[in-house]
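What follows is a single structure, written as structure tokens, with notes after it.
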Amino acid sequence: MYEATVSAPVNIACIKYWGKRNTKLILPTNSSLSVTLDQDHLRSTTTSRADESFEKGDRLWLNGKEETVKEDGRLGVCIKELRNWRKVEEDKDGSLPKLSKWPLRIASYNNFPTAAGLASSASGLAALVASLSKLYSLPQTPSQLSLIARQGSGSACRSLFGGFVAWREGSNEDGSDSLAEEVAPQGHWPEMHALICVVSDAKKGTSSTSGMQRTVETSTLLQHRLKIVPGRMEEISKAIKDRDFQKFGEITMKDSNSFHSVCLDTSPPIFYLNDVSKSIIASIEELNRSSGEIVAAYTFDAGPNAVIYALEKNIPKVLGVITKFFPTSEENSDPFGTAAEALPE
Ligand code: 2P0
4 MYEATVSAPV
14 NIACIKYWGK
24 RNTKLILPTN
34 SSLSVTLDQD
44 HLRSTTTSRA
54 DESFEKGDRL
64 WLNGKEETVK
74 EDGRLGVCIK
84 ELRNWRKVEE
94 DKDGSLPKLS
104 KWPLRIASYN
114 NFPTAAGLAS
124 SASGLAALVA
134 SLSKLYSLPQ
144 TPSQLSLIAR
154 QGSGSACRSL
164 FGGFVAWREG
174 SNEDGSDSLA
184 EEVAPQGHWP
194 EMHALICVVS
204 DAKKGTSSTS
214 GMQRTVETST
224 LLQHRLKIVP
234 GRMEEISKAI
244 KDRDFQKFGE
254 ITMKDSNSFH
264 SVCLDTSPPI
274 FYLNDVSKSI
284 IASIEELNRS
294 SGEIVAAYTF
304 DAGPNAVIYA
314 LEKNIPKVLG
324 VITKFFPTSE
334 ENSDPFGTAA
344 EALPE
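Add 3 to a position in the sequence shown, counting from 1, and you land on the number used in this note's numbering.
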């Protein structure tokens, strides 16, 4: 039996992916950019096994519960593509064991609430692709693997890299240039921290997949957003390269608000932020105003939880504001505290 285990972290977008131009290949309507959180308690770990003696058919367990692997479904497509790449290697080198012909058994665990707007699909699919790539000893680069992870879940393509990562929307109809690239490695900006504020770990109401398609079909504001995003991609990449937190924070908050605006402009409207989320926005805006500069930048995904980016020296200030307004309670504690600190490195 052959076996490989790999873990992949969550990534949090500063420029949001929201909308597909091709739902089958998962090609986005805009490029996006994220920070990969390299923290032990926000990861998916996947073990893949291949053996000649396994009964026919691939099987997969997610957090201990078996999921059906449909051949033409997202998981099935990822497995098929990686198997094809393994087959190419086996054809080149006849001495390699014929793993591509053997059934797979895959088990994946998230160490944080699944589908709570904490990008579990991103780390999950990235871990799956990375573990199969290791099992099959594939020679492909992380960017090439991101082409496959993208077809499992769009945001997963960004979790194959650490640090600051761009997913280029690409222009080819077959998706061959819609891939993830490193903008800067983790070590480039070690002072950058991310504070995760878990407002709720309940499963979200509107899934990202259906929500974003409704936005593409019904929001006129999305067309305006799509004109703005390319400039933001360039500006934030430069801010990251220059370690310019003012610019980084300004663009991050603007893009989060732009994303939630197109959600509201969707018919019927999608609400991901709740009253606690809005209080966090107000508190951070006030902190920045009273500090005379941007010391913290909030961003929200498809759920009410806040991620607050800040430089290490300002973390005590940010924690002071957050814990003053939102004290943690023992009874109400989640697996990693109401305000758990996550570091990009
Ligand atoms: C992002 N989100 O850029 C944005 C911000 C949610 C809000 O990527 O349909 O779960 O599997 O491609 O990747 C969530 O979308 O959607 C997402 P699919 P995915 O992180």
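Here a beta-carbon is modelled for each residue, glycine too, at the ideal position from N, C-alpha and C.
Cβ pair residue i, residue j closer than 9 Å
i                 : j              : result
phenylalanine 251 : tyrosine 301   : no
serine 156        : leucine 182    : no
isoleucine 15     : aspartate 245  : no
arginine 46       : alanine 11     : yes
leucine 63        : leucine 78     : yes
leucine 135       : serine 51      : yes
threonine 218     : isoleucine 273 : yes
aspartate 54      : tryptophan 105 : yes
threonine 326     : aspartate 268  : no
phenylalanine 164 : proline 145    : yes
phenylalanine 248 : leucine 314    : yes
Given residue i as reference, the closest of the options once Cα atoms are compared
i              : options                           : result
glycine 67     : Lys27, Glu55, Ile109 and Phe57    : Ile109
tyrosine 20    : Leu267, Thr326, Asp247 and Gln216 : Gln216
glutamine 147  : Ser140, Ser179, Leu128 and Ser134 : Ser179
valine 232     : Leu314, Thr8 and Ile18            : Ile18
tyrosine 112   : Gln226, Asp43 and Met256          : Asp43
alanine 129    : Glu55, Asp61, Val9 and Gly173     : Val9
serine 240     : Trp192, Phe274 and Lys230         : Trp192
asparagine 277 : Ala285, Pro271 and Arg24          : Ala285
glutamate 176  : Met4, Tyr5, Val13 and Lys27       : Lys27
histidine 227  : Phe262, Asp247 and Glu238         : Phe262
alanine 125    : Thr48, Lys230, Glu93 and Lys59    : Thr48
leucine 198    : Phe164, Leu131, Asn260 and Thr39  : Thr39
serine 270     : Val324, Lys281, Thr209 and Val279 : Thr209
Close beta carbons around residue i, own chain, < 7 Å, minus the five adjacent residues each side
i              : result
serine 264     : Leu224
isoleucine 283 : Cys200, Tyr301 and Ala309
arginine 235   : Ile18, Ile254 and Asp258
cysteine 160   : Ser149, Ala152, Arg153, Trp170, Leu182 and Ala183
Beta-carbon contacts of residue i that lie in its chain and below 6 Å, excluding the five residues immediately before and after
i                 : result
aspartate 169     : One detail in the question is off: residue 169 reads as alanine in this sequence, not aspartate. Cβ neighbours of alanine 169 beyond the five flanking positions: Leu36, Glu184 and Val186.
valine 72         : Asp61, Leu63, Leu78 and Gly79
phenylalanine 328 : Ser286
proline 330       : none
serine 203        : Pro307
Proximity test, residue i beta-carbon vs the ligand 2P0 heavy atom, cut-off 8 Å
i                 : result
aspartate 41      : no
aspartate 96      : no
threonine 212     : yes
asparagine 308    : no
lysine 23         : yes
aspartate 304     : yes
tyrosine 20       : yes
phenylalanine 115 : no
methionine 256    : no
asparagine 260    : no
serine 37         : yes
serine 158        : yes
serine 294        : no
Close-in-space but distant-in-sequence residues of the same chain around residue i (CB under 8 Å, 5 per side omitted)
i           : result
cysteine 81 : Leu128, Leu131, Val132, Leu135, Ile151, Ala152, Gln154 and Gly155
Start-end ranges of the beta strand (DSSP E) lying completely within the segment 23-47, minimum 3 residues
23-25 and 35-39
Query - Within the segment 91-166, ranges of the beta strand (DSSP E) (whole runs, at least 3 residues) - result: 107-113
Segments assigned beta strand (DSSP E), at least 3 residues, entirely inside the segment 277-313: 299-303
Q: Write down every uninterrupted run of the alpha helix (DSSP H) in the segment 192-242 whose length is 4 residues or greater and which is fully enclosed by it, in chain order.
A: 211-221
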